[in-house]
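Enquirer:
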Amino acid sequence: MSSRPRIEGYAIVSREGMIAKSDGSFPEELKIPADQQFYQESLDRASAVANGRHSAEGGPKEKGRKRILVTRRVQRIVHDADNPNVILWNPATAPFDEAWQKLNADDGILAVVGGTDVFGLFLSIGYDAFFLSRAQASVPRGRPVFPGVGHGVAAEEPLKQHGLVLKETRMLDPVSETVVEEWVPK
Ligand SMILES: NC(=O)c1ccc[n+]([C@@H]2O[C@H](COP(=O)([O-])OP(=O)(O)OC[C@H]3O[C@@H](n4cnc5c(N)ncnc54)[C@H](OP(=O)(O)O)[C@@H]3O)[C@@H](O)[C@H]2O)c1
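Quick note: the sequence shown uses our numbering, first residue 653, plus one each step.
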């Protein structure tokens with residue numbers, strides 16, 4: 653248990669910076685096996701995950717992971733009645749550090765996995781790294797990776813505005829030309 657974890661963001665975006673369609677569903681075009689593998693392996697290295705109500709990672713390990721579920725449905729930070737690994741946190745009523753203490757996770761990485769508002773929320777709390785996977789697929793309208801992205805505003809713009817710079821770009825899948833960019837504080 654530590655004062656603050658290393659905070660890492662993980663998202664895959666369309667050419668236009670979208671993470672989901674307008675109806676909130678995950679686009680088939682963004683299901684890239686090499687990215688899914690990178691994502692799941694990254695979560696395996698994390699001590700905990702943070703997400704909104706519709707953005708848990710899925711898969712057999714989901715239930716066993718320590719998790720901060722961001723929600724407006726609670727006032728105080730409480731454990732999920734159905735899963736003691738999960739705490740419910742309303743950022744309007746309590747600071748992040750309090751949520752992290754309550755989670756009682758090991759030292760290490762908190763993986764932030766969305767959606768839009770949760771990615772945006774952690775821009776202010778501070779990312780130690782943001783892994784932005786970029787697919788070549790087009791999802792022109794929908795839910796952007798950060799609030800304000802789209803309509804000419806690129807996916808990386810909010811990262812730059814919050815002082816992050818591109819550290820490196822790695823090829824994840826040469827066939828679909830999917831890459832992952834690592835953005836880090838200057
Ligand atoms: N491509 C990608 O990398 C990626 C990443 C993540 C998600 N997605 C996709 O995006 C879609 C889900 O998007 P979504 O916009 O519905 O996101 P979401 O963040 O998963 O869910 C929204 C809900 O989370 C809670 N929430 C979010 N921000 C909050 C805040 N600042 N304060 C308090 N509560 C907050 C609220 O829950 P309450 O209603 O409980 O208050 C809100 O209704 C899914 O299809 C998912 O698969 C894609």
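Ideal Cβ positions, reconstructed from N, Cα and C, are used throughout, including at glycine. For clarity, every value in this text was computed on a predicted model and none was experimentally measured.
(1) Hey, G767 and H814: beta-carbon distance below 8 Å or not?
(2) When you compare each of Y662, S655 and P657 to V770 by their alpha carbons, which one comes out closest?
(3) Can you look up D732 in the DSSP assignment and give me helix, strand or coil?
(4) For the region 722-797, list the beta strand (DSSP E) runs that are entirely contained and at least 3 residues long, ordered along the chain.
(5) On the CB-based measure, 16 or more other CB atoms within 10 Å of its CB, does L775 come out buried or exposed?
(6) Taking the alpha-carbon of P657 as reference, which of K713, E750 and K838 has the nearest alpha-carbon?
(7) Give me the Cα-Cα distance between P736 and V701, rounded to the nearest whole angstrom.
(8) When every heavy atom of ligand 1 is checked, does at least one fall within less than 7 Å of the C-beta of G839?
(9) Going by DSSP, which residues form a beta bridge with G661?
(10) State buried or exposed for A757, treating a residue as buried only when at least 16 other CB atoms are found within 10 Å of its CB.
(11) Could you check if T830 is buried or exposed, using at least 16 other CB atoms within 10 Å of its CB as the buried criterion?
(12) For the alpha helix (DSSP H) that R697 lies in, which residues bound it at each end?
(13) Quick check: is any heavy atom of ligand 1 less than 7 Å from the C-beta of I684?
(14) What residue from R667, G778 and K683 has the CA that sits closest to K838's CA?
(15) Assuming K754 contacts I739 (C-beta within less than 8 Å), just tell me the rounded distance between them.
(16) Does the distance between the C-beta of S707 and the nearest non-hydrogen atom of ligand 1 fall short of 7 Å?
(17) Here's the rule: buried if 16 or more other CB atoms are within 10 angstroms of the residue's CB, otherwise exposed. What is P792?
(18) What is the DSSP secondary structure of K812, counted as helix, strand or coil?
(19) Work out the CA separation of A746 and V817 for me, nearest whole Å.
Expert: With the structure as the only source:
(1) Going by C-beta atoms, G767 is not nearer than 8 Å to H814.
(2) Sorting Y662, S655 and P657 by C-alpha distance to the C-alpha of V770 places Y662 at the top.
(3) D732 falls in the strand class under three-state DSSP.
(4) With a minimum length of 3 residues, the continuous beta strand (DSSP E) runs that stay inside the region 722-797 are 730-732, 735-741, 761-764 and 781-786.
(5) By the neighbour-count definition (other C-beta atoms within 10 Å, threshold 16), L775 is a buried residue.
(6) Nearest in C-alpha terms to P657, of all of K713, E750 and K838, is E750.
(7) Straight-line Cα distance between these residues: approximately 14 Å.
(8) What is shown of the chain runs 653 to 838, which leaves residue 839 out entirely.
(9) Its beta-bridge partners are V764 and F782.
(10) Within a 10 Å sphere around the beta-carbon of A757 sit 16 or more other beta-carbons, which makes this residue buried.
(11) Label assigned to T830: buried.
(12) For R697, the uninterrupted alpha helix (DSSP H) segment begins and ends at P685 to R697.
(13) The answer is no for I684.
(14) Among R667, G778 and K683, the Cα nearest to that of K838 is on G778.
(15) Sure, about 5 Å apart at Cβ, within 8 Å.
(16) Yes, the beta carbon of S707 sits closer than 7 Å to at least one heavy atom of ligand 1.
(17) When all chains shown are included, P792 counts as exposed.
(18) In the three-state DSSP reduction, K812 falls in the helix class (H, G or I).
(19) So the alpha carbons of these two residues sit roughly 29 Å apart.
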